[in-house]
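So the sequence shown is numbered by UniProt numbering: it starts at 1 and just counts up by one. Even glycine gets a Cβ: it sits at the ideal position worked out from N, Cα and C. Given the structure is predicted, the values throughout are model-derived calculations rather than measurements. One structure is given here, and the rest of the page talks about it.
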Amino acid sequence: MKMPNLIPLSGNKKPFATADGSISFYNISYKEGYHAKSIGAYTESLHKFVIPSGIIEKLCKNEEVWLLDIFFGLGYNIVATIEELEKNKIKNKLNIVSIEKDPTLIELVKGYPLFWPKRGYDYLRKLLDDVTYKNYQLYIILDDFFRAVQYINIQFDVIYFDPFSKSKNPEMWQLNVYKILYNLLKEDGCVVTYSCRNSVRKEFYRAGFIPYQTKKLPDGFQPGTVFYKKLIL
């Protein structure tokens with residue numbers, strides 16, 4: 001399949017094609033891409049966040065599930081979640097709270113035509129405009145993480161923890177952040193992240209979490225980590 005011409009946007013984000021054909025962007029300010037080019041943006045979201053989180057199973061058992069998405073980014077984690085729910089014909093309610101401090105990303109997702117899968121992004125754009133669509137609700141908090149969490153007063157079944165890497169976004173990879181996540185999580189909930197660093201796992205453990213390594217992605221790409229509040233037998 002011939003890829004379309006990718007015209008660089010003005011501002012600090014430039015598009016690039018990833019291995020599975022999905023489009024991601026490189027953030028010039030952070031000097032890092034939003035996804036790994038070698039595995040694919042959609043594939044990474046599916047195998048590092050959606051599948052290991054068990055969110056599909058949770059929605060099969062519960063009439064309502066709450067998901068905290070840190071951070072919204074290009075929306076792939078939400079889109080991959082919606083795609084899997086639609087594929088499995090799950091009609092129970094998914095409430096999503098997504099934190100993002102860069103409002104230009106919201107406009108990018110609304111206006112950039114090459115994101116796929118199309119159905120997932122069509123749903124996401126409807127949610128960005130109307131908050132509610134079908135059995136989904138999406139609440140976007142456009143703010144800094146540390147301010148945003150001060151006015152979140154609910155607990156979550158699943159947290160997607162997806163900031164830039166520790167070298168580029170060190171303030172998000174600290175013990176005090178992991179303690180905040182612990183308090184935001186239900187007793188049977190989990191935090192999922194793409195990171196497999198031992199140092200990260202040890203700090204999450206200090207915050208009270210039990211780490212579990214996710215399965216390796218297709219082509220042997222490095223695994224992520226799932227963190228629970230208690231041992232999973």
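| Item | Value |
| --- | --- |
| Here's the rule: buried if 16 or more other CB atoms are within 10 angstroms of the residue's CB, otherwise exposed. What is Ile141? | buried |
| Got a sec? Which residues, its chain only, sit under 6 Å from Ala19 by beta carbon, not counting five neighbours each side? | Ser38, Ile39, Gly40 |
| Give the secondary structure of Leu67 by DSSP, where H, G and I count as helix, E and B as strand, and everything else as coil. | strand |
| Among Ile55, Arg206, Gln137, Tyr228, whose alpha-carbon lies nearest the alpha-carbon of Tyr212? | Tyr228 |
| Identify whether Lys186 lies in helix, strand or coil by the three-state DSSP scheme. | strand |
| Is Gln150 helix, strand or coil by DSSP? | helix |
| From Ile99 to Ile152, what distance separates their C-alpha atoms? | 11 Å |
| Mind checking which residues open and close the beta strand (DSSP E) that includes Phe161? | 156 to 161 |
| By Cβ distance below 6 Å, which residues in the same chain neighbour Thr43 in space, the five residues on each side in sequence not counted? | Asp20 |
| Quick one: what's got a C-beta closer than 8 Å to Phe156's C-beta in the same chain, skipping five residues either side? | Trp66, Leu67, Leu68, Val97, Leu184, Leu185, Lys186, Gly189 |
| Taking just the CA atoms, how far does Gln174 sit from His47? | 24 Å |
| Please state if the CB of Phe115 and the CB of Ile51 are separated by a distance shorter than 8 Å. | no |
| Output needed for Asp219: all residues of its chain with C-beta closer than 6 Å, excluding positions within five of it in sequence on either side, in chain order. | none |
| Excluding the five sequence neighbours on either side, which residues of its own chain have a C-beta within less than 7 Å of the C-beta of Asn88, listed in chain order? | Ile56 |
| Quick one: grab the DSSP three-state call for Pro15. | strand |
| Which first and last residues belong to the beta strand (DSSP E) in which Leu142 is found? | 136 to 142 |
| Decide if Gly111 is buried, meaning its Cβ has at least 16 other Cβ atoms within 10 Å, or exposed. | exposed |
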